[in-house]
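Peer 1: The sequence shown maps to residues 1 to 380 in this note's numbering. Glycine included, every Cβ here is placed at the ideal spot set by N, Cα and C. All values derive from a computational prediction rather than experimental measurement.
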Amino acid sequence: MASTRRAFPRRAAALAALAVVSAAATARAADVNPALVEPTLAPGGIWAVGTTPTPTALAVWGELAATFANDELATRTADGVTAGPLRNRLVTTLIAGMALPEVLDVAVGVPLDVVEVPGADGARDGEVALGDVRLEARARLLTPAPSAGGLGLAVAVEASFPTGGSAPFATEGGVTVTPRLVLAWHAPGGGAVALNAGFRVRPGADVVDLAIGNELRVGIGGEIPLGHYGLALLAEVDGAVGFGDSARDPSGVDARKLPLEALGGLRFRPSDAVAISAGVGAGLSEGYGAADWRALLSVSIGAPTGAADAAPVDLDADPVGPDPVGAGPDGPPGDVGPGTPPDDADPGVPALPLPGEPGSPEALANAADPDADTDGVPLG
């Protein structure tokens with residue numbers, strides 16, 4: 001009987017310790033954000049891939065971006081069964097930024113997460129929580145002229161802070177830092193192709209049998225104008241290499257730590273200051289963060305792409321100087337002003353004669369009424 005009494009405290013202590021370990025593992029599993037695709041905080045980006053626009057000093061911008069992702073995370077139980085601890089997630093991010101004088105831009109993103117995870121008896125539990133606030137500073141090292149386009153280069157550092165609520169997968173549980181290199185080529189008439197590469201330093205976490213840790217992140221994307229009406233085609237591929245390692249997952253880099261996802265969509269610019277974007281995406285690998293499918297929608301206002309501030313361009317290199325805004329390669333009929341040579345872009349457009357020269361309005365009037373008495377009768 002005495003031995004039974006002595007065994008009970010030991011069993012209770014063991015059960016309590018097991019409960020503590022289980023709770024800690026559950027909490028640690030929740031303290032990770034596996035997202036691969038997050039909206040860039042800089043203006044003029046594709047989706048997660050940033051470009052290198054040239055904003056004017058003290059220009060401000062704002063954006064509301066929403067991403068709905070299905071099955072961003074897959075794990076395996078001890079018997080080899082694949083499970084999805086994160087069923088669906090809707091993340092709505094409010095972004096605001098400012099271009100400081102010289103070459104520095106700063107921006108902040110505040111996400112709101114709606115998370116759906118598996119519940120008891122096959123049910124689904126939904127929770128709403130604030131996500132981790134993101135802050136980015138970006139230095140423009142090489143800036144293309146807004147009117148001429150060209151190559152742009154920037155260095156950005158993004159940090160996230162553990163402001164996320166209690167919802168699973170809404171927070172990292174610590175600070176993350178992601179330095180990033182942004183290389184982009186901007187076309188003179190709009191559009192861009194960009195390559196981003198960075199390294200994310202983040203707290204380590206285990207989700208069942210999957211270790212999530214530091215990552216190498218790469219993205220490539222482009223915006224291709226579709227002629228008139230302010231439409232553009234968007235395309236992007238995002239990938240990462242995860243270096244998470246733990247006692248539960250000692251395998252190092254494997255297929256589940258190599259997420260790859262492709263995105264495509266359309267962008268509509270009713271004006272230079274407003275852009276509305278919509279798209280869809282799908283994972284190309286089973287890596288964590290690559291969703292089975294994804295839908296995206298964003299509205300940006302005041303994004304300083306530089307097009308509105310572009311200086312007038314002298315389209316035909318004539319002595320008159322810049323052609324008026326809205327003029328085509330030939331400017332108004334007969335070129336921008338009198339006496340200029342035919343346009344280089346269209347040699348068939350004649351130059352208007354100078355006042356008094358044959359063919360000018362004055363010369364035609366003198367020929368019709370030489371005595372200049374306005375009666376229309378020659379010398380009468």
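What first and last residue would you give for the beta strand (DSSP E) that runs through asparagine 33?
Peer 2: For this step, residue 33 is matched to residue 33 along the sequence shown. Looking at the DSSP string, asparagine 33 is not in any beta strand (DSSP E), and its letter there is neither H nor E.
Peer 1: Excluding sequence positions up to five away, which residues of its chain have a Cβ less than 6 Å from the Cβ of glycine 190?
Peer 2: As a position in the sequence shown, residue 190 is number 190, starting the count at 1. Excluding positions up to five away in sequence, the list reads Pro225.
Peer 1: Tell me which residues share the same chain as arginine 294 and place their Cβ nearer than 6 Å to its Cβ, disregarding the 5 neighbours each side in the sequence.
Peer 2: Against the sequence shown, residue 294 aligns to sequence position 294. Answer for arginine 294: Ala69 and Gly281, listed in chain order.
Peer 1: Compute the Euclidean distance between the alpha carbons of valine 72 and leucine 94, then round it to the nearest angstrom.
Peer 2: For the purposes of this step, residue 72 is identified with residue 72 of the sequence shown, where counting begins at 1. For the purposes of this step, residue 94 is identified with residue 94 of the sequence shown, where counting begins at 1. With the sequence shown as reference, residue 72 is identified as glutamate, and valine is not the correct amino acid for it. Taking the straight line from one Cα to the other gives about 22 Å.
Peer 1: Does the structure place the segment 117-137 close enough to the segment 145-153 that three or more beta carbon pairs sit under 8 Å?
Peer 2: With the cut-off at 8 Å, the segment 145-153 and the segment 117-137 do not touch.
Peer 1: Distance check for proline 188 and glycine 174, CA to CA, integer angstroms please.
Peer 2: Along the sequence shown, read from residue 1 onward, the residue named residue 174 stands at position 174. Along the sequence shown, read from residue 1 onward, the residue named residue 188 stands at position 188. Cα-Cα distance, rounded: 42 Å.
Peer 1: For proline 101, which of helix, strand or coil comes out of DSSP?
Peer 2: Translated into the one-based positions of the sequence shown, residue 101 becomes position 101. Coil.
Peer 1: Quick check on the burial criterion: 16 or more other C-beta atoms within 10 angstroms. Buried or exposed for proline 312?
Peer 2: As a first step, residue 312 is located in the sequence shown; it is residue number 312 there, counting from the start. Because proline 312 carries a pLDDT of 44, less than 50, the predicted location of this residue cannot be relied on, and the following value inherits that uncertainty. Counting Cβ neighbours within 10 Å, proline 312 comes out exposed, since fewer than 16 surround it.
Peer 1: I'd like the list of long-range same chain contacts for leucine 210, defined as Cβ closer than 7 Å, with 5 residues on each side in sequence excluded.
Peer 2: Counting from one through the sequence shown, the residue named residue 210 turns up at place 210. Same-chain partners within the cutoff: Thr75, Asp249, Arg256 and Tyr288.
Peer 1: Using CA coordinates, which residue listed in Asp254, Ser300 and Asp292 is at the minimum distance from glycine 275?
Peer 2: Counting from one through the sequence shown, the residue named residue 275 turns up at place 275. Going by the sequence as given, residue 275 is alanine instead of glycine. Among Asp254, Ser300 and Asp292, the Cα nearest to that of alanine 275 belongs to Ser300.
Peer 1: Output the boundary residues of the beta strand (DSSP E) element that contains leucine 151.
Peer 2: Residue 151 sits at position 151 when you count from the first residue of the sequence shown. Segment 150-161, the beta strand (DSSP E) holding leucine 151.
Peer 1: Rounded to whole angstroms, what's the CA-CA distance from glycine 216 to threonine 56? Just pull it up for me.
Peer 2: In the sequence shown, residue 216 corresponds to position 216, counting from 1. In the sequence shown, residue 56 corresponds to position 56, counting from 1. It should be noted that the sequence gives leucine, not glycine, for residue 216. Each residue's Cα considered, the two are about 32 Å apart.
Peer 1: Are there 16 or more other CB atoms within 10 angstroms of the CB of glutamate 102, so buried, or fewer, so exposed?
Peer 2: Taking the sequence shown and counting its residues from 1, one reaches residue 102 at position 102. Answer is exposed; the Cβ neighbour count stays below 16.
Peer 1: From which residue to which residue does the beta strand (DSSP E) around leucine 41 run?
Peer 2: Residue 41 sits at position 41 when you count from the first residue of the sequence shown. Leucine 41 -> no beta strand (DSSP E), and no H or E assigned at all.
Peer 1: Rounded to the nearest angstrom, how far is the Cβ of tryptophan 61 from that of glycine 97, given a contact under 8 Å?
Peer 2: Working through the sequence shown from its first residue, we reach residue 61 at position 61. Working through the sequence shown from its first residue, we reach residue 97 at position 97. With 8 Å as the limit, tryptophan 61 and glycine 97 qualify as a contact, their Cβ atoms being about 5 Å apart.
Peer 1: What residue does the beta strand (DSSP E) around asparagine 196 start on, and which one ends it?
Peer 2: Locating residue 196 in the sequence shown gives position 196, counting from the first residue. Residues 192-200.
Peer 1: Got a sec? Which residues, its chain only, sit under 6 Å from alanine 159 by beta carbon, not counting five neighbours each side?
Peer 2: Translated into positions along the sequence shown, residue 159 becomes position 159. The answer, listed in chain order, is Leu135 and Val177.
Peer 1: Taking the runs of the beta strand (DSSP E) that are 3 residues or longer, which of them lie wholly in the segment 191-265?
Peer 2: Whole beta strand (DSSP E) segments, 3+ residues: 192-200, 205-207, 210-212, 215-225 and 231-242.
Peer 1: Can you name, in chain order, every residue of its own chain whose Cβ lies under 8 Å from the Cβ of leucine 381, other than the five neighbours on each side?
Peer 2: Residue 381 lies beyond the stretch modelled for the chain, which goes from 1 to 380, so this question has no answer here.
Peer 1: Please state whether DSSP places valine 128 in a helix, a strand or coil.
Peer 2: Counting from 1 along the sequence shown, the entry for residue 128 is found at position 128. Of the three classes helix, strand and coil, the one that applies to valine 128 here is strand, per DSSP.
Peer 1: With a Cβ-Cβ cutoff of 9 Å, do threonine 54 and proline 146 count as a contact?
Peer 2: As a working note, residue 54 is residue 54 in the sequence shown. As a working note, residue 146 is residue 146 in the sequence shown. A contact, by the Cβ cut-off of 9 Å.
Peer 1: Going by beta-carbon coordinates alone, are leucine 231 and glycine 222 separated by less than 9 Å?
Peer 2: Residue numbering aside, residue 231 sits at position 231 when the sequence shown is read from its first letter. Residue numbering aside, residue 222 sits at position 222 when the sequence shown is read from its first letter. No, the pair does not count as a contact, with Cβ atoms beyond the cut-off.
Peer 1: Got a sec, what are the start and stop residues for the beta strand (DSSP E) proline 179 sits in?
Peer 2: Counted from its first residue, the sequence shown places residue 179 at position 179. Proline 179 -> beta strand (DSSP E) spans 176-186.
Peer 1: Between the alpha carbons of leucine 273 and phenylalanine 169, how many angstroms are there, rounded?
Peer 2: Here the question's residue 273 lines up with position 273 in the sequence shown. Here the question's residue 169 lines up with position 169 in the sequence shown. Note that residue 273 corresponds to alanine in the displayed sequence, not to leucine. Spanning the two alpha carbons is a distance of roughly 34 Å.
Peer 1: Go ahead and label histidine 186 buried or exposed: buried means 16 or more other beta carbons lie within 10 angstroms of its beta carbon, across all protein chains shown.
Peer 2: Locating residue 186 in the sequence shown gives position 186, counting from the first residue. Histidine 186 is buried by the Cβ-count criterion.
Peer 1: Just to confirm, does leucine 41 get its C-beta within under 8 Å of one of the non-hydrogen atoms of the ligand GTP?
Peer 2: Of the ligands one can find in the structure shown there are none, so the ligand GTP has no counterpart to examine.
Peer 1: Which partner residues of proline 118 appear in the DSSP bridge assignment?
Peer 2: In the sequence shown, residue 118 corresponds to position 118, counting from 1. The partner list for proline 118 (beta bridge, DSSP) reads Arg124.
Peer 1: List the whole-angstrom C-beta distance separating leucine 90 from valine 117, where the pair is believed to meet the contact cut-off of C-beta under 8 Å.
Peer 2: Reading the sequence shown from its first residue, position 90 is the one you call residue 90. Reading the sequence shown from its first residue, position 117 is the one you call residue 117. Actually they are not in contact, since the Cβ atoms of leucine 90 and valine 117 sit about 13 Å apart, beyond 8 Å.
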